[in-house]
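Just add 224 to wherever you are in the sequence shown, counting from 1, and you've got my numbering. Glycine included, C-beta positions come from ideal geometry on N, C-alpha and C. Comments concern the structure below.
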Amino acid sequence: TYTSNNGNNQRWKLINLGNDIYELEPQHALGKRLDVTGASTANQARAQIYTSNNGQNQRWKLILISNGVREAGAEAETETTEILSIYPNPVQTEAMITFQKSAHGSQVAILLRNHTGELIREFNVSKNNSGVIILNSADFVSGEYFYTLVVDGKPVSTKRFVVVH
225 TYTSNNGNNQ RWKLINLGND IYELEPQHAL GKRLDVTGAS TANQARAQIY TSNNGQNQRW
285 KLILISNGVR EAGAEAETET TEILSIYPNP VQTEAMITFQ KSAHGSQVAI LLRNHTGELI
345 REFNVSKNNS GVIILNSADF VSGEYFYTLV VDGKPVSTKR FVVVH
C-alpha cells in the first residue's frame with residue numbers, strides 16, 4: 225500500500241476491450257500496459273509494466289464489488305454502466321471516477337451533488353484524455369452524494385456514491 229501523491233505514476237487509463245475486459249495503461253508510461261510476467265497463471269505471479277503487445281497477459285477482468293446497497297433500476301442499466309463509474313464505493317479517503325467522453329461532445333464536466341441536490345464540486349474534463357479523475361473525500365462529510373457526467377450542457381449519466389469516514 226502506498227500513500228497517494230497525485231502523480232501520473234499512480235494513475236491508470238482503463239481501456240475497455242468489451243465483456244468487462246480491460247487493459248491498464250499507466251499514465252507515466254504511455255503505450256505500456258500492466259502485464260503478468262511470462263504470461264504466468266501461477267499463484268504469486270509477478271506483474272510488471274511492459275510494452276503493449278495485445279497479449280492475454282495484459283488483459284484484466286474488472287469485477288464489481290458490491291457494498292450491499294442496491295440501486296433501483298440497476299438491472300436495467302446497460303450503456304450508462306460503462307460510461308461512468310466510481311471505485312471504491314463507499315469512499316473512505318479517495319476514489320477513482322472513470323468516464324468515457326463522446327467524440328462529439330466539446331464541453332464535458334463531472335458534477336458532484338450532495339443528497340439535497342446542492343452542487344458541491346464541478347470538474348471540467350473537456351481536455352482530460354485519460355478518462356479518470358481522482359476524488360479526495362477529505363472535504364466531504366459522511367453521507368450520500370451523486371455524480372453526473374454532463375456533455376455539452378446535457379446530463380448523460382448520474383450515479384450515486386457514499387462517503388464514509
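For residue j and residue i, the rounded distance between their alpha carbons
i    : j    : result
L359 : I321 : 7 Å
Y274 : L308 : 27 Å
S350 : F323 : 11 Å
I334 : E368 : 16 Å
F370 : G255 : 33 Å
D376 : F364 : 27 Å
V332 : A319 : 20 Å
V315 : V387 : 5 Å
L343 : K378 : 16 Å
N421 : A263 : Outside the modelled stretch of the chain, which goes from 225 to 389, sits residue 421, for which no answer is possible.
A253 : N277 : 14 Å
T227 : Q234 : 10 Å
Residues near residue i in its chain [Cβ-Cβ closer than 7 Å; skip 5 each side]
i    : result
V260 : A269, A271, N281
F347 : A333, I334, I357
Status (buried if at least 16 other CB within 10 Å, exposed otherwise) for residue i
i    : result
K383 : buried
R345 : exposed
Distance CB(residue i)-CB(residue j) smaller than 8 Å
i    : j    : result
Q251 : S381 : no
Residues near residue i in its chain [Cβ-Cβ closer than 6 Å; skip 5 each side]
i    : result
L238 : Y246, T322
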